[in-house]
Every structure is written in structure tokens, then in C-alpha cells.
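Chains as they are written, first to last, in the UniProt record's numbering: chain C, 1 to 241; chain R, 1 to 241.
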């Protein structure tokens with residue numbers, strides 16, 4: 001099942017080229033090989049430990065980029081955008097753009113598991129980021145190509161006319177923790193003092209009200225409710241698992 | 001309230017010396033100054049944005065150290081230990097050891113708020129780590145002194161004869177999210193096939209059973225239950241806020 005070392009190295013070099021990195025960069029090839037080895041292929045030598053490191057690497061890359069590009073962004077919005085950037089969905093999309101799965105060594109059972117594809121891609125992508133980070137102990141082999149993707153997504157989120165960033169971030173969170181979407185209940189207010197109070201939205205997760213907000217449109221009220229909910233979750237989670 | 005620049009710089013140099021760093025290292029002093037400025041002193045120019053970056057920096061420092069020192073540690077244990085290392089409690093303890101609060105510029109109202117002291121110290125400590133990271137874009141100004149603290153705590157957790165790491169990690173998590181401790185309910189089993197099943201413990205959070213485990217002692221059963229609970233929370237939180 002494993003590919004002989006010379007072939008494997010040529011394969012990995014191809015990935016490095018796709019990332020736009022030159023052949024001369026100091027890659028720790030044995031780590032990159034491990035990052036692209038699924039646990040079904042080896043119970044001991046696989047990407048799990050690197051993925052653990054990579055989860056911190058990608059978080060730092062996203063934080064540093066946001067800090068540089070949007071120095072005056074309120075911290076709550078930073079956190080909302082970051083949680084979208086480092087979500088399995090975003091990471092799997094980026095990995096897929098580089099055809100990462102064709103470099104992943106895995107048993108057939110894993111490859112046929114379509115339901116697990118997104119998290120598998122995100123996991124090995126995080127491991128690849130860790131292998132690049134550990135090659136130089138900085139983000140130089142990463143930010144040169146990852147910044148473009150993060151910057152584009154961050155711009156989309158920030159320029160979204162509906163400002164749905166908190167809704168999107170909250171949705172990622174509830175889907176990941178509870179496998180359900182949050183539910184919005186909206187009512188039109190009769191007596192209002194200003195236009196901003198025309199609608200009131202409450203966002204619910206199962207039987208728990210996460211937040212409430214008002215706005216001049218249904219969407220604006222929902223976004224306001226999502227913001228309250230997301231920021232309260234963010235405040236509560238000073239210990240991040 | 002603010003201190004004139006020459007004095008402030010001397011003050012910050014003192015902190016850098018305490019960290020064991022030489023005077024010649026390329027510190028971005030304006031960032032270190034910001035990292036030690038509380039929001040009560042300036043609503044715009046304070047440590048909040050840096051704290052956002054620092055939360056990723058400290059997580060990476062902990063991950064990289066654990067990966068180097070315990071290369072064969074199961075990933076779940078890595079995660080449990082890391083969540084203790086990056087908890088407000090641990091960070092505040094380390095910051096306190098350097099007398100960090102005497103360098104923090106804050107309004108009197110914040111300084112008198114004893115209840116908020118731990119998270120205030122942890123927050124500005126994360127911001128300080130960000131300012132050091134952003135000075136060189138690597139962890140060289142951080143790991144030279146932080147490794148000792150993390151290594152010592154990680155060793156204590158791993159060598160704890162009761163192996164209470166999952167209990168400790170779970171406790172940090174429930175306290176941070178729900179402001180309560182998890183509750184353990186233990187029963188002695190009558191008919192057992194082996195000694196490992198002498199006790200069964202279930203760990204509850206409010207009305208929700210988080211996990212169950214067995215062991216030859218009450219403590220071992222509790223730890224087994226905490227492990228199940230912690231790992232299931234870890235699996236559910238692929239999106240980390």
C-alpha cells in the first residue's frame with residue numbers, strides 16, 4: 001500500500017510546487033510524508049500528532065493576517081471571522097483546491113467514506129501546515145500562499161452587505177457542536193421608537209435561547225441576535241478545548 | 001494616568017530582563033506597551049487586539065513543546081494537557097510569577113476588581129506573548145523562558161499518580177463554560193469480571209451525562225469517565241471559537 005520512497009518524494013515535491021514554493025526551501029520531507037498518511041494506513045505513524053500542532057498553526061496564521069489587514073476591527077468580529085477561516089469547511093475547500101486528497105495515503109475504507117471527506121481533508125491539511133511550520137519554526141512557508149485564500153474569504157465575509165459573519169460563525173459552531181443549525185424566530189414589532197427596532201429576532205439552539213436582537217429588516221435583526229449569541233459564547237470559552 | 005515614554009520604556013525593559021531576554025533583542029516596544037495597557041485606560045489603544053493574536057501564540061507554543069517532548073503521547077492526552085497549559089489559571093500564575101500586574105496600566109476601577117484579576121492577568125499575558133511574537137515572527141523570544149514553565153506543568157500532569165489530567169481538563173472546561181464543576185456519581189459494582197470494573201463513575205454537567213467509566217478505585221473510575229467526557233467534547237469541537 002505504501003509507495004516507495006523515491007516515488008513518494010517526487011509526489012510530495014509536486015504538492016510543494018503547487019503551493020508555489022521553490023524546490024530549494026528546507027522542507028522536512030519525513031514530516032510532510034507523515035502529514036499525508038491517514039491513521040487507517042498506520043496506527044502509529046500517521047498525521048494525528050501533526051494535526052494537533054497544525055490546528056494551532058492555522059489559527060495563528062489566520063490571527064496574524066487579520067491583525068495585519070484589519071488593525072481596527074473589533075475583537076468580536078475578529079473572532080467570528082477567524083472561526084470561519086479555521087473551520088473544517090474552509091480548510092477542506094482550500095485543501096481541495098490543491099488536490100490534496102490525491103497525495104493522502106489511506107486505506108480504501110477511508111477513501112470510500114464520503115461523509116468523512118471534509119474533516120479528513122481538513123485534518124490532513126492542518127497536518128501539512130504543521131509539517132511546513134516545523135520545517136522552519138515560522139510561518140514563512142505557509143503565509144506565502146495561504147494568505148491569499150484567507151484574505152479573499154475575510155474580504156467576502158466583511159464586505160457581505162448583509163454582514164452575515166456572525167450568523168455564519170454561529171452556524172459553524174452549532175453544527176460542529178450539536179450537528180444542528182440554529183433557529184431564528186422573528187417578530188415584527190408594532191410600537192417602535194425608531195426604525196432599527198422594526199423586527200426582533202431570537203436565535204435558539206434546541207431549547208436554549210442564545211441571543212436576541214433588533215433591526216430594520218428581518219436579516220438585520222437575525223444578524224444582531226447572532227452577534228449577541230456568538231459573543232456570549234466567545235466570552236464563555238476562555239478555556240478552548 | 002499614562003507614564004511618559006522614557007519612564008515607560010525603562011519599566012518595560014525591566015520586564016524583558018525578568019524574562020531573561022537580553023537588552024539587544026529586537027522588541028517592538030510600542031506593541032509591548034500596548035499589550036500592557038488595559039481597556040479602562042484607553043478604549044482604542046489597548047491590549048484587546050494583541051490578546052486575540054496571543055491566544056493563538058500561546059496555543060502554538062504549548063503544542064510545539066508537547067510535540068517535541070512527548071512525541072508518542074496519544075492526541076487526546078495532548079489536548080487535555082494543552083487545555084490546562086493555556087487556561088486562564090495557568091497563564092495568570094505564570095504572569096504573576098513575573099509580577100506582570102505591576103507593569104499593567106489600568107484605571108483604578110479595574111485594579112480594585114479582585115474577581116477579575118485572574119482573567120485580566122491571563123489576557124495581558126497573552127497580549128505580551130503576541131507583542132513578542134510579532135517582534136520576530138517566530139517563538140524565539142518566547143520559548144526561551146516559557147518552555148520551562150510549560151514543561152514543569154506538563155510533567156506534573158503526566159506524572160500525577162492519579163493521572164488526573166482529564167479530570168483537571170474537564171473541570172477547567174465546565175468552569176469556564178458553565179461556571180460550575182462537573183459532578184461525579186460513583187457506584188461499587190457487585191458482580192465484576194475483573195478488578196478494573198470494581199467501580200463505575202458517571203460524570204454529569206447539570207442534567208447532562210457527559211461520560212461513564214470503570215476502574216479499580218473510585219479515582220480511577222472518575223478519571224476514566226472524565227476521559228470519555230473530555231474526548232467526546234474534543235471531537236465535537238472541530239470549530240473552536
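Glycine included, C-beta positions come from ideal geometry on N, C-alpha and C. All figures in this text were calculated on a predicted structure; none of them were measured in a lab.
DSSP three-state assignment for residue i, whether helix, strand or coil
{"i": "residue 48 of chain C", "result": "helix"}
{"i": "residue 136 of chain C", "result": "helix"}
{"i": "residue 205 of chain R", "result": "strand"}
{"i": "residue 234 of chain C", "result": "helix"}
{"i": "residue 37 of chain C", "result": "strand"}
{"i": "residue 9 of chain R", "result": "helix"}
{"i": "residue 25 of chain C", "result": "coil"}
{"i": "residue 178 of chain R", "result": "helix"}
{"i": "residue 213 of chain R", "result": "strand"}
{"i": "residue 221 of chain R", "result": "helix"}
{"i": "residue 105 of chain R", "result": "strand"}
{"i": "residue 159 of chain C", "result": "helix"}
{"i": "residue 86 of chain R", "result": "coil"}
{"i": "residue 98 of chain R", "result": "coil"}
{"i": "residue 239 of chain C", "result": "Any reading at residue 239 of chain C must be qualified, since the residue scores a pLDDT of 40, below 50, and its modelled position is unreliable; the value itself is stated next. Three-state DSSP puts residue 239 of chain C in coil, outside helix and strand."}
{"i": "residue 2 of chain R", "result": "Here residue 2 of chain R scores only 46 on pLDDT, less than 50, and its place in the model should not be relied on; the value that follows carries that caveat. Three-state result, residue 2 of chain R: coil."}
{"i": "residue 191 of chain R", "result": "coil"}
{"i": "residue 70 of chain R", "result": "coil"}
{"i": "residue 227 of chain R", "result": "helix"}
{"i": "residue 183 of chain R", "result": "strand"}
Beta carbon of residue i nearer than 8 Å to that of residue j
{"i": "residue 88 of chain R", "j": "residue 45 of chain R", "result": "no"}
{"i": "residue 69 of chain C", "j": "residue 126 of chain C", "result": "no"}
{"i": "residue 184 of chain C", "j": "residue 225 of chain C", "result": "yes"}
{"i": "residue 54 of chain C", "j": "residue 110 of chain C", "result": "no"}
{"i": "residue 227 of chain R", "j": "residue 133 of chain R", "result": "no"}
{"i": "residue 138 of chain R", "j": "residue 138 of chain C", "result": "yes"}
{"i": "residue 29 of chain R", "j": "residue 9 of chain R", "result": "yes"}
{"i": "residue 231 of chain C", "j": "residue 173 of chain C", "result": "no"}
{"i": "residue 38 of chain R", "j": "residue 105 of chain R", "result": "yes"}
{"i": "residue 20 of chain C", "j": "residue 204 of chain C", "result": "no"}
{"i": "residue 83 of chain C", "j": "residue 56 of chain R", "result": "no"}
{"i": "residue 73 of chain R", "j": "residue 66 of chain R", "result": "yes"}
{"i": "residue 81 of chain C", "j": "residue 154 of chain C", "result": "yes"}
Within-8 Å CB hit, residue i to chain C
{"i": "residue 149 of chain R", "result": "no"}
{"i": "residue 138 of chain R", "result": "yes"}
{"i": "residue 25 of chain R", "result": "no"}
{"i": "residue 94 of chain R", "result": "no"}
CB contact below 8 Å: residue i versus chain R
{"i": "residue 78 of chain C", "result": "yes"}
{"i": "residue 128 of chain C", "result": "no"}
Anticipated Cβ contact below 8 Å, residue i with residue j, distance rounded
{"i": "residue 142 of chain R", "j": "residue 61 of chain R", "result": "6 Å"}
{"i": "residue 103 of chain R", "j": "residue 11 of chain R", "result": "6 Å"}
{"i": "residue 199 of chain C", "j": "residue 180 of chain C", "result": "Actually they are not in contact, since the Cβ atoms of residue 199 of chain C and residue 180 of chain C sit about 23 Å apart, beyond 8 Å."}
{"i": "residue 41 of chain R", "j": "residue 107 of chain R", "result": "6 Å"}
{"i": "residue 229 of chain C", "j": "residue 215 of chain C", "result": "Not confirmed; about 14 Å, so no contact."}
{"i": "residue 150 of chain C", "j": "residue 91 of chain C", "result": "Between residue 91 of chain C and residue 150 of chain C the Cβ distance is about 10 Å, and since that is not below 8 Å, they are no contact."}
{"i": "residue 48 of chain R", "j": "residue 75 of chain C", "result": "5 Å"}
{"i": "residue 201 of chain R", "j": "residue 169 of chain R", "result": "Not a contact, Cβ separation roughly 16 Å."}
{"i": "residue 78 of chain R", "j": "residue 52 of chain C", "result": "5 Å"}
**Message:** Which residues of the UniProt domain "DRBM" (165-235) of chain R have a Cβ closer than 7 Å to any Cβ of chain C? Give them in chain order.
**Reply:** 172, 173, 176, 177, 233 and 234
**Request:** Name, going along the chain, the residues of the segment 38-70 of chain R whose beta-carbon falls closer than 7 Å to a beta-carbon of chain C.
**Result:** 48, 49, 52, 53, 56, 57, 59, 60, 63, 64 and 67
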